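Visitor: Count along the sequence shown starting at 1, add 3, and that's the number in the working numbering.
Below: one structure in structure tokens.
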Amino acid sequence: MTVHAQTIMATKVDDRIKRRFDAAMRARGTNTSAVLRKAVMQYLSELDAGIEHPQFKLELDGPEAGEKTPSH
């Protein structure tokens, strides 16, 4: 596997929303970065596979819910 340099991707949300999302992800045994990173990677994979209208999905209740994804 090729290791790529990482960078920070930021979004602006209301502080209350950020705190609620952080708390919800911690309750699931993960964190916001891991969940969003996985969703972005899945979206891009579907786009690369030719799926016409891929959807950004969090898949929080699946068998892998709570697993932290590698940060690369």
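Backbone N, C-alpha and C define an ideal beta-carbon position, used for all residues, glycine too.
Being a predicted model, the structure only gives us computed values, none of them experimental.
Could you check the C-alpha separation between K60 and V6 for me, to the nearest Å?
Guide: The alpha-carbon atoms of K60 and V6 are separated by roughly 25 Å.
Visitor: How would you write the range of the alpha helix (DSSP H) that A30 sits in, first residue to last?
Guide: Where A30 is concerned, the enclosing alpha helix (DSSP H) stretches over D18 to A30.
Visitor: Which term fits V38, buried or exposed, when burial requires 16 or more other beta carbons within 10 angstroms of its beta carbon?
Guide: By the neighbour-count rule (16 or more Cβ atoms within 10 Å), V38 is buried.
Visitor: How would you write the range of the alpha helix (DSSP H) that A13 sits in, first residue to last?
Guide: Per DSSP, A13 belongs to no alpha helix (DSSP H) and is neither H nor E.
Visitor: DSSP state of L50, grouped into three classes?
Guide: In this structure, L50 counts as helix in the three-state DSSP scheme.
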